[in-house]
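Chemist: Residue numbers (the numbering used here): 683 to 1176.
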Amino acid sequence: MDGSSEKTTNRMVTILPNYKIGKTLGYGSFAKVKLALHVATGHKVAIKILNRAKIKNMGIEIKVQREIKILRLLMHPHIIRQYEVIETPDDIYVVMEYVKSGELFDYIIEKGRLQEDEARHLFQQIISGVEYCHRNMIVHRDLKPENMLLDSKCNIKIVDFGLSNVMHDGHFLKTSCGSPNYAAPEVISGKPYSGPEVDIWSCGVILYALLCGTLPFDDENIPTLFDKIKKGMYTLPDHLSYVARDLIPRMLMVDPLMRISITEIRQHPWFNNHLPLYLYIPPLDTIEETKKIDEEIIQKVVNIGFDRNQVVESLVNRIQNEATVAYHLILDNRNQNCVPKDPFQSNFKEISGGIFNSTFPVQNITSHVGHSFSALYGLKSHVKDDKTWTLGLQSQGSPHDIMNEIFKALQNLKVCWKKIGLYNIKCRRVQRRVRSLANYTNHTIEDECAIIKFELQLYKVREGKYLLDIQRIDGPQFIFFDLCVAFLRDLGVV
Ligand code: AMP
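#1: Around the C-beta of Cys-1166, are 16 or more other C-beta atoms found within 10 angstroms, so that it is buried, or is it exposed?
#2: Nearest-angstrom Cα distance between Arg-802 and Lys-714?
#3: When the Cα of Pro-759 is compared with those of Val-767, Leu-832 and Lys-912, which residue comes out closest?
#4: In this structure, how does DSSP classify Glu-743 when only helix, strand and coil are distinguished?
#5: Would you decide whether Pro-827 is buried or exposed? Buried here means 16 or more other CB atoms lie within 10 Å of its CB.
#6: Could you give the distance in angstroms between the alpha-carbon of Asn-1017 and the alpha-carbon of Lys-1100?
#7: Buried or exposed: Asp-989, going by 16 or more other Cβ atoms within 10 Å of its Cβ?
#8: Have a look at Tyr-916, His-921 and Leu-889 and flag the residue whose alpha-carbon is nearest the alpha-carbon of Asp-901.
#9: Who are the Cβ neighbours of Leu-929 in its own chain at under 6 Å, not counting the five residues just before and after it?
#10: Does Lys-1142 come out as helix, strand or coil in the three-state DSSP assignment?
#11: Compute the Euclidean distance between the alpha carbons of Val-746 and Met-830, then round it to the nearest angstrom.
#12: Just tell me which of Ala-1005, Ser-996 and Asn-954 has its CA closest to the CA of Lys-982.
#13: List the DSSP bridge partners of Asn-1003.
#14: Is it right to say Val-695 is buried, meaning 16 or more other beta carbons lie within 10 angstroms of its own, or is it exposed?
#15: Since Met-830 is in the beta strand (DSSP E), which residue starts that stretch and which ends it?
#16: Starting from Glu-779, follow its DSSP beta bridges and name the residues at the other end.
#17: Can you check whether the CB of Asp-824 is closer than 9 Å to the CB of Ser-871?
#18: Just how far apart, CA to CA, sit Asp-909 and Ala-926?
#19: Alpha carbon to alpha carbon, how far is Cys-836 from Phe-1163?
#20: On a Cα-Cα basis, can you pick out the residue from Tyr-1141, Lys-1108, Ala-1132 and Glu-800 that is closest to Ile-1155?
#21: If you reduce the DSSP assignment to three classes, tell me which class Asp-1024 lands in.
#22: Under the three-state reduction of DSSP, which class applies to Ala-1057: helix, strand or coil?
#23: Is the Cβ of Asp-1164 closer than 9 Å to any Cβ of chain B?
#24: In whole angstroms, what is the alpha-carbon distance linking Arg-1171 and Leu-1095?
#25: For Ile-942 versus Val-841, is the C-beta distance shorter than 9 Å?
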């Protein structure tokens, strides 16, 4: 450890007693990033240290404050999580999710162009993260492979929200920002833009880089580079598949009004191929996300020594304290452990449950038992208040027949249930996961158990139309999603 590093670590020990400080992970243009261990939970984090004097000299206080404020709001599997911010008169310490494998930029440099399946897997995650930002009225404005970190399972984490901005309806943004190679024509021309379309352009450049290993627009001479971007001058190599050749130009459309939207990207056949179910459904917005409190995680936080009421109250009121930091660290680490290790081979699928606020295509699929169930990924609810959207299944069969089918499916899936009402049941399933420990011991097999609790309610939407709502109550989210998929399969919906 050099002198300055030792000094930093010693200082951090007193300021951050909840963390054990480790090695330096990297240096940014105005920050140092250290690895640390959150003592109470044993989970690793990355701590970004920002020196106040340095950021003042560089005139980037607003950029730093903006990044902190925006990241505090965001909770998405493909956006870096910020757990807490500790401020002293000299420094700002930002505690973030630790991401192990480095930048997407280095990955592309090392591997060259990626196979379409691998590129798609990364691109689907990027689009889902960007869509989530836009839904929360945030436009990133500096999307590039240098701002995408890869975790140990090769999953994307979008970082660096320093240039991002909050969108307001009817207002246009003007600031020209971002890296020139990824900047949209309207941005470099200094034209006003509403926001999402500039991120879509940058995603188009990233998609090109993933599939081709080079940039679509590049030139040492900046005016020439800008000229190429403004004219949309690039070539599509022959090795690209027909569908990829269709998607890239739609994203790199010079006229922002003609550019493809995220909703349209989601419907594009190149994007849709092998789309994991957890990305199939647009994510909850942050307000809905924070309303969900996981009982299993609360119990773990209580076991560490925190008071249950205090944890719940702090979570509900979005207060940052030791208990909520522990809660989010345990929650994120559990959810990450449920993501498939090899996304190309795994048949692990996820589906979201609950209420969210977006439109999504409705699929009508005839069930194998005669009457039609529709999987409604975003049905406008007639049951709750008018502004909410509900995930559910719609059916035209008689409520009695529907309930019988549900019971049969639950029985097949070894789900236990308790009737709360005629059309309302509480369900419980013990999920066994067999984990091979071949790498550690001599082919030992270890069983892991997870208990998933959920509730089913059949609503009458209107005469002859019923809606089945599925809500998770407790248990690992990803395993619940898996169970939902199996349930839908059993009902003949998917
Ligand atoms: P930045 O100041 O955000 O550009 O970060 C500087 C360097 O620190 C990056 O290039 C990464 O190598 C490393 N780094 C930043 N954030 C993280 C993180 N959350 N997990 C692991 N390494 C990180």
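Even glycine gets a Cβ: it sits at the ideal position worked out from N, Cα and C.
Modeler: Quick look at the numbers:
#1: Along the sequence shown, one-based indexing puts residue 1166 at 484. Buried, because 16 or more other Cβ atoms sit within 10 Å of the Cβ of Cys-1166.
#2: As a working note, residue 802 is residue 120 in the sequence shown. As a working note, residue 714 is residue 32 in the sequence shown. Those two C-alpha atoms are separated by around 32 Å.
#3: As a working note, residue 759 is residue 77 in the sequence shown. If we check each option's Cα against that of Pro-759, Leu-832 comes out closest.
#4: Residue numbering aside, residue 743 sits at position 61 when the sequence shown is read from its first letter. Three-state DSSP puts Glu-743 in a helix.
#5: By one-based count along the sequence shown, residue 827 stands at place 145. Looking at its Cβ environment, which holds 16 or more other Cβ atoms inside 10 Å, Pro-827 is buried.
#6: The residue labelled residue 1017 in the question sits at position 335 within the sequence shown. The residue labelled residue 1100 in the question sits at position 418 within the sequence shown. Their Cα atoms are separated by approximately 27 Å.
#7: Translated into the one-based positions of the sequence shown, residue 989 becomes position 307. Looking at its Cβ environment, which holds fewer than 16 other Cβ atoms inside 10 Å, Asp-989 is exposed.
#8: For the purposes of this step, residue 901 is identified with residue 219 of the sequence shown, where counting begins at 1. It is Tyr-916.
#9: Numbered from 1 along the sequence shown, position 247 holds the residue referred to as residue 929. So the qualifying residues of the chain are His-950 and Trp-952.
#10: As a first step, residue 1142 is located in the sequence shown; it is residue number 460 there, counting from the start. Strand at Lys-1142.
#11: One-based indexing of the sequence shown puts residue 746 at position 64. One-based indexing of the sequence shown puts residue 830 at position 148. Those two C-alpha atoms are separated by around 18 Å.
#12: Within the sequence shown, residue 982 is the residue found at index 300, counting from 1. For Lys-982, the closest C-alpha among the options Ala-1005, Ser-996 and Asn-954 is that of Ala-1005.
#13: As a working note, residue 1003 is residue 321 in the sequence shown. Per DSSP, none; premise fails for Asn-1003.
#14: Residue 695 sits at position 13 when you count from the first residue of the sequence shown. By the neighbour-count rule (16 or more Cβ atoms within 10 Å), Val-695 is not buried but exposed.
#15: By 1-based counting over the sequence shown, the position of residue 830 is 148. Element bounds for Met-830: 830 to 832.
#16: Stepping through the sequence shown from its first residue, residue 779 is reached at position 97. Paired residues: Val-727.
#17: As a first step, residue 871 must be located in the sequence shown, where it is residue number 189. As a first step, residue 824 must be located in the sequence shown, where it is residue number 142. Result no, Cβ atoms of Ser-871 and Asp-824 do not sit closer than 9 Å.
#18: As a first step, residue 909 must be located in the sequence shown, where it is residue number 227. As a first step, residue 926 must be located in the sequence shown, where it is residue number 244. Near 25 Å, if we compare the C-alpha coordinates of Ala-926 and Asp-909.
#19: Taking the sequence shown and counting its residues from 1, the one referred to as residue 836 is at position 154. Taking the sequence shown and counting its residues from 1, the one referred to as residue 1163 is at position 481. Their Cα atoms are separated by approximately 21 Å.
#20: The residue labelled residue 1155 in the question sits at position 473 within the sequence shown. The shortest C-alpha separation from Ile-1155 is found at Lys-1108.
#21: The residue you call residue 1024 lines up with position 342 of the sequence shown. Here Asp-1024 scores only 35 on pLDDT, less than 50, and its place in the model should not be relied on; the value that follows carries that caveat. Of the three classes helix, strand and coil, the one that applies to Asp-1024 here is coil, per DSSP.
#22: Within the sequence shown, numbered from 1, the residue matching residue 1057 stands at position 375. Per-residue confidence for Ala-1057 stands at a pLDDT of 41, beneath the threshold of 50, marking its modelled position as unreliable; the derived number appears in the next sentence. Strand, per DSSP.
#23: Of the protein chains in the structure, only one exists, and it is not chain B.
#24: In the sequence shown, residue 1171 corresponds to position 489, counting from 1. In the sequence shown, residue 1095 corresponds to position 413, counting from 1. Approximately 11 Å, taken between the alpha carbons.
#25: Counted from its first residue, the sequence shown places residue 942 at position 260. Counted from its first residue, the sequence shown places residue 841 at position 159. No, the Cβ-Cβ distance between Ile-942 and Val-841 is not below 9 Å.
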